[in-house]
Amino acid sequence: MIHFKAIGKIMGALMFLIGVLMLPAASISWIYGENSVPIMASAAISLFIGMIFFFSFAKYDQLIRKREGYLVVAISWLIMTIFGMLPFLLSAEITSISDALFETVSGLTTTGASILTDIEGMPKGLLFWRSMTQWIGGLGIIVLTVAIFPLLGIGGSELFVAESPGPTSDKVHPRISETAKRLWYVYVGLTVAAALLYWVGGMTFYDAVNHSLTTLATGGFSTKNASMAFYDSAFIQYVAVIFMFLAGTNFTLIYFGSVGKFSRILKSDEFKAYTGAVILLTLIVFAGIMINSETGTELAFRNAAFQVVSLITTTGYVTDDYTQYGMGITFICFMLLFLGGSAGSTAGSIKFVRHVVFLKNSWLEFKRIVHPRAIVPLIINGEMVSGRIINNIMNFLLIYLSTFVIGSLVISLLGYDFATSLGSVATCLGNVGPAIGKVGPVDNFAFFSPAAKVVLSFLMLLGRLELFTILILFTPFFWRAN
14 MIHFKAIGKI MGALMFLIGV LMLPAASISW IYGENSVPIM ASAAISLFIG MIFFFSFAKY
74 DQLIRKREGY LVVAISWLIM TIFGMLPFLL SAEITSISDA LFETVSGLTT TGASILTDIE
134 GMPKGLLFWR SMTQWIGGLG IIVLTVAIFP LLGIGGSELF VAESPGPTSD KVHPRISETA
194 KRLWYVYVGL TVAAALLYWV GGMTFYDAVN HSLTTLATGG FSTKNASMAF YDSAFIQYVA
254 VIFMFLAGTN FTLIYFGSVG KFSRILKSDE FKAYTGAVIL LTLIVFAGIM INSETGTELA
314 FRNAAFQVVS LITTTGYVTD DYTQYGMGIT FICFMLLFLG GSAGSTAGSI KFVRHVVFLK
374 NSWLEFKRIV HPRAIVPLII NGEMVSGRII NNIMNFLLIY LSTFVIGSLV ISLLGYDFAT
434 SLGSVATCLG NVGPAIGKVG PVDNFAFFSP AAKVVLSFLM LLGRLELFTI LILFTPFFWR
494 AN
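Have a look at this one:
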């Protein structure tokens, strides 16, 4: 039997928290002389309903088991979406429910795809809330990775847990609160550092804070129509590259680095693969830009590094239109949508740890064929990976690619061309932002029909919550009584 009342108590606390987090955006509206009523009303609604839920179920303290865990994760993101839409709708800056749904889901899942055609014309308070949705979603996914996904057995997260001083793969460790606190310090500290450097580099304080929120969340929402291309500053763009790279790194490794435990970083196979891929792909794209354009060497390198890091970490900031450098570079950038950063980071998509496991296991399979009686273990970070985790990751990859194919088919059946269908599904499922076709780096998603926006919103949630967390709710045995 599922303990719905215990879930209701948690949801009440979440609604209350969302209301509190809206207050800074309302303050921004007031400071800039804008109408703060829509955001204040949204906060009041969230706070009021949250208190009703929390106190109605306050006496229920049943243990949250695995099945409740799946529901908590799924319902939490649904609740955040519903209440996150309110400031957009009540302000009438976005009047369509499908548009508000898309923009809010894109924010919370840190996708960065947008339906807004004039970002700079939006009220500053509302843009700040838009940035906050990404920062909230980025922090939320870290907490999920540490506290919830290992409990649910989400493939790849157990490997992240091996680096973490908190939970194990089958229970929430008593030190989970300490782990979450450390990661919170890292997340907030990096956000503040990025804001200060953006400010020093020439952004206004308001823009610096907004961009720091969306950089560390690997979200990519900007306060400018041209995204990071608006800032023709090598300093600002290199700062963005550095912090996007850090945001795509396992936050536990960043913590270990901050306390001098560099050996933990050096033994991480995922970090080595992540770093190596960024360097190699930057050089390839840099060479492609130099060959296919007359761009200067430094600018070509900066654009290559920026777009590679932005796409791999699923941030989605833009400084250049990579589709103008020929099909080869466009294809490479499209493939980057399927990489993702590290497990335990704010990045989306497949994640490097899964690619590492897949490639290593595939290579070892040749050895197993030649020596069928030999025991050939898969070693990651110096430790043997269990067969259950390998199987889970292989299933994840198959389901991910199947979802991409089915999603592309659905979008194409809704009337969109081949490249746009592939690009929109790949970027939404991977929580990236820009793609190919009519959703390239200088385009947006405003032209999609309401049905297509709902489908793409669902794909964003599906990808952000590691597929299984949502898909298992559609299975009949999940709802059967124990």
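In terms of our numbering, the sequence shown opens at residue 14 and continues consecutively. By construction, the Cβ of each residue, glycine as well, lies at the ideal position given by its N, Cα and C atoms.
- Put simply, the backbone Cα of V370 is about 34 Å away from that of K451.
- Within the DSSP secondary-structure output, E396 pairs in a beta bridge with I393.
- Collapsing the DSSP output to three states places D112 in a helix.
- Counted as a single uninterrupted DSSP element, the stretch harbouring E307 is not any alpha helix (DSSP H), since DSSP gives it neither H nor E.
- H384 carries a coil assignment under DSSP once its states are collapsed to helix, strand and coil.
- CA-CA distance, L478 to E307, rounds to 42 Å.
- Burial check for T326: the Cβ neighbour count within 10 Å reaches 16 or more, so the residue is buried.
- Taking the CA atoms as reference points, A242 sits about 6 Å from V331.
- In the DSSP assignment, N457 falls outside any alpha helix (DSSP H) and carries neither an H nor an E.
- Close CB contacts of T130 within its chain, under the 6 Å cut and outside five residues either way in sequence, are with A459 (chain order).
- Separation of A113 and V254 (C-alpha to C-alpha, rounded to the nearest whole angstrom) is 30 Å.
- If you ignore the 5 residues before and after S421, its C-beta comes within less than 7 Å of the C-beta of S434, L435 and V438, all in its own chain and listed in chain order.
- The beta-carbon distance between I65 and M24, rounded to whole angstroms, is 11 Å. This is too long to meet the 8 Å contact definition.
- Under the 10 Å beta carbon count, S399 is surrounded by fewer than 16 other beta carbons and is classified as exposed.
- When the alpha-carbon of I128 is set against those of L296, A465, L484 and I485, the nearest one is in A465.
- Ranked by how close their Cα comes to the Cα of N444, the residues S109, L474 and I149 have L474 in first place.
- Sequence-distant partners of F218 (beyond 5 residues in either direction) whose C-beta falls short of 7 Å from its own C-beta, in its chain, are W212.
- Counted as a single uninterrupted DSSP element, the stretch harbouring R493 is not any alpha helix (DSSP H), since DSSP gives it neither H nor E.
- Between P51 and S104, the C-beta gap is smaller than 8 Å, which places the two residues in contact.
- Its chain contains A260, G261, T262, N263 and F264 as the residues whose beta carbon lies nearer than 7 Å to that of S358, once the 5 sequence neighbours on both sides are disregarded; these appear in chain order.
- Exposed is the label assigned to H384, since fewer than 16 other Cβ atoms lie within 10 Å of its Cβ.
- Bounds of the alpha helix (DSSP H) holding Y219 are F218 to L229.
- Taking the C-beta atoms as reference points, I107 is found no nearer than 8 Å to N238.
- Taking a cut-off of 8 Å for Cβ pairs, the region 409-429 and the region 275-292 do not touch, as fewer than three such pairs fall below it.
- Counting along the chain, no alpha helix (DSSP H) covers L486, and no H or E run does either.
- Sequence-distant partners of Q147 (beyond 5 residues in either direction) whose C-beta falls short of 7 Å from its own C-beta, in its chain, are G120, T123, L226, T227, A230, G232 and F234.
- The alpha-carbon of A247 is positioned some 16 Å away from that of F258.
- Rounded to whole angstroms, I403 and G134 show a C-alpha spacing of 49 Å.
- R78 carries a coil assignment under DSSP once its states are collapsed to helix, strand and coil.
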